[in-house]
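A.B. asks:
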Amino acid sequence: MPNTNVRAAAEGMPNYPHNPQSKSFVRKVLMFWHARAGSEPVVSNTLPESFMNQHVDRRALLASSAIATAAMAVASQEARAGGAPGPSMSRELEGLIEAKHAAYARFIAALDVAEELEDAYLPKTAELYVPLSIGGGQSRTLRYGDLEEVEADLRVEVKRRYAEQRQKLVALAKVAPDLGKQSTAALRKAEQADLRTLKRLIKDERARRSAVGLEQAINERNEASDAERYALNAVCAYRCTTMEEHRVKAEFLLEFATGKFGDLQPEDVDALLWSFLPEEALEAAVKAVS
Numbered sequence: 052m053p054n055t056n057v058r059a060a061a062e063g064m065p066n067y068p069h070n071p072q073s074k075s076f077v078r079k080v081l082m083f084w085h086a087r088a089g090s091e092p093v094v095s096n097t098l099p100e101s102f103m104n105q106h107v108d109r110r111a112l113l114a115s116s117a118i119a120t121a122a123m124a125v126a127s128q129e130a131r132a133g134g135a136p137g138p139s140m141s142r143e144l145e146g147l148i149e150a151k152h153a154a155y156a157r158f159i160a161a162l163d164v165a166e167e168l169e170d171a172y173l174p175k176t177a178e179l180y181v182p183l184s185i186g187g188g189q190s191r192t193l194r195y196g197d198l199e200e201v202e203a204d205l206r207v208e209v210k211r212r213y214a215e216q217r218q219k220l221v222a223l224a225k226v227a228p229d230l231g232k233q234s235t236a237a238l239r240k241a242e243q244a245d246l247r248t249l250k251r252l253i254k255d256e257r258a259r260r261s262a263v264g265l266e267q268a269i270n271e272r273n274e275a276s277d278a279e280r281y282a283l284n285a286v287c288a289y290r291c292t293t294m295e296e297h298r299v300k301a302e303f304l305l306e307f308a309t310g311k312f313g314d315l316q317p318e319d320v321d322a323l324l325w326s327f328l329p330e331e332a333l334e335a336a337v338k339a340v341s
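Position in the sequence shown (from 1) plus 51 gives the number in the numbering used here.
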């Protein structure tokens, strides 16, 4: 997530640091990059639209997540103060938490592999440069972001440059319509040629990365990031049935969703809040929006 902001934020700092606590910033950036359309957890898809799009990082909702988890912590403390210990947590919740730990470990491992390959084969100064038929060119850093994002950004910039040139022909078309029409057609032809060049350069860059394993490592990092997000969302969506489960879930979220390892995203907050409601209220809400 936007790539200009990500790139600016990442400049001047080591990419994907090895310290787990300092990785929270990089993890936040990657969550932003990898929250692709159509990959949101099921919970958020069946409910009203979240109050922000997918490209806002978890730290922006730190306050919201802290309030929600603090509420659960208070509830569990009150239950323990009552003196009657509740039943142990279910195997389902335990399994969801274990899955979250495993997904996080996979993500960190994938992140480390991608970092080493990027350091070796993709220096921070690496850029993809597209020469333009109208003069000059457009470039985009290759260090941050996937090739799909690089191509999309460059395509937008190339089209913008040609749109500026076509705008300059408006006055010419008024005084010499035929010449204006010919010039516009020439610009359109040149633009298509430059976009084909961009596509070829992206294909060549992907082949170069694949040859050294970098493309595969980046894909694994993306998939591991998505899996980790799904695992966290599953814990948030779990509907506790005992105060002991509330305590375990609250302690887990306080550890993993308050900035040290990452922050809750909007769909996680939605899932967490909906998990507090009775099942009949949830069913009624789903029917109301379906």
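Where is the CB? At the ideal position from N, CA and C, for every residue including glycine.
Being a predicted model, the structure only gives us computed values, none of them experimental.
So which of I185, D197, R280 has the shortest CA-CA distance to E242?
C.D. replies: Looking at the Cα atoms, I185 is the closest of the given residues.
A.B. asks: Could you tell me the alpha carbon to alpha carbon distance between L328 and A322, rounded to whole angstroms?
C.D. replies: Rounded to whole angstroms, L328 to A322 spans 10 angstroms at the Cα level.
A.B. asks: So, helix, strand or coil for T235, using DSSP?
C.D. replies: Looking at T235 - three-state DSSP - the assignment turns out to be helix.
A.B. asks: Grab me the residues of A282's own chain with a C-beta within less than 6 angstroms of its C-beta, minus the 5 sequence neighbours each way, in chain order.
C.D. replies: Excluding sequence neighbours, A282 sits near A150, K151, A154.
A.B. asks: Counting along the chain, where does the alpha helix (DSSP H) carrying S276 start and finish?
C.D. replies: That run of the alpha helix (DSSP H) goes 265-288.
A.B. asks: Using the Cα positions of A130 and R259, report the straight-line distance between them to the nearest angstrom.
C.D. replies: Confidence at A130 is low in this model, with a pLDDT of 42, below 50, so its placement is unreliable and the value that follows should be read with caution. Cα to Cα, A130 sits roughly 59 angstroms from R259.
A.B. asks: Alpha carbon to alpha carbon, how far is L238 from K250?
C.D. replies: Distance between the alpha carbons of L238 and K250 is about 18 angstroms.
A.B. asks: Could you check which residue in V226, E199, A222, S234 has the C-alpha nearest to that of Y213?
C.D. replies: Cα-wise, what sits closest to Y213 is S234.
A.B. asks: How would you write the range of the alpha helix (DSSP H) that G146 sits in, first residue to last?
C.D. replies: It spans 142-172 - the alpha helix (DSSP H) in which G146 sits, taken as one unbroken run.
A.B. asks: Report yes or no: do three or more beta-carbon pairs, one from the region 181-195 and one from the region 300-319, lie closer than 8 angstroms?
C.D. replies: These segments do not touch.
A.B. asks: Grab the span of the alpha helix (DSSP H) containing R206 for me, first residue to last.
C.D. replies: 198-219 is the extent of the alpha helix (DSSP H) around R206.
A.B. asks: Span of the beta strand (DSSP E) holding P182?
C.D. replies: Taken as a continuous stretch (DSSP letters only), the beta strand (DSSP E) holding P182 covers 178-182.
A.B. asks: In this structure, how does DSSP classify T309 when only helix, strand and coil are distinguished?
C.D. replies: Looking at T309 - three-state DSSP - the assignment turns out to be strand.
A.B. asks: Cα-Cα, which of D245, L220, L230, Y289 is closest to L205?
C.D. replies: That would be D245, whose Cα lies nearest to the Cα of L205.
A.B. asks: Measure from the alpha carbon of E199 to the alpha carbon of each residue in S276, P228, L179, A160, then state which is nearest.
C.D. replies: Of the listed residues, the one whose Cα sits closest to E199 is L179.
A.B. asks: Starting from P317 and walking both ways along the alpha helix (DSSP H), at which residues does that stretch end?
C.D. replies: Unbroken alpha helix (DSSP H) run through P317: 317-325.
A.B. asks: I'd like to confirm the pairing. Which residues does DSSP put opposite T248 in its beta bridges?
C.D. replies: According to DSSP, T248 bridges with nothing at all.
A.B. asks: Quick one: measure Cβ to Cβ for S343 and R280, integer angstroms, because I've assumed they're closer than 8 angstroms.
C.D. replies: What is shown of the chain runs 52 to 341, which leaves residue 343 out entirely.
A.B. asks: Just to confirm the assignment, what range does the beta strand (DSSP E) spanning G187 have?
C.D. replies: It is not in any beta strand (DSSP E) - G187 carries neither H nor E in the DSSP assignment.
A.B. asks: Contact defined as beta carbons within less than 8 angstroms: I believe L144 pairs with K338. What is the distance between those atoms, to the nearest angstrom?
C.D. replies: The pair is not a contact, with the Cβ atoms about 27 angstroms apart (cut-off 8 angstroms).
A.B. asks: On the CB-based measure, 16 or more other CB atoms within 10 Å of its CB, does G146 come out buried or exposed?
C.D. replies: Classification for G146: exposed.
A.B. asks: Please return the same chain residues whose Cβ sits closer than 8 angstroms to the Cβ of T347, not counting the five positions on each side in sequence.
C.D. replies: Since the first residue of the chain shown is 52 and the last is 341, residue 347 is not available in this structure.
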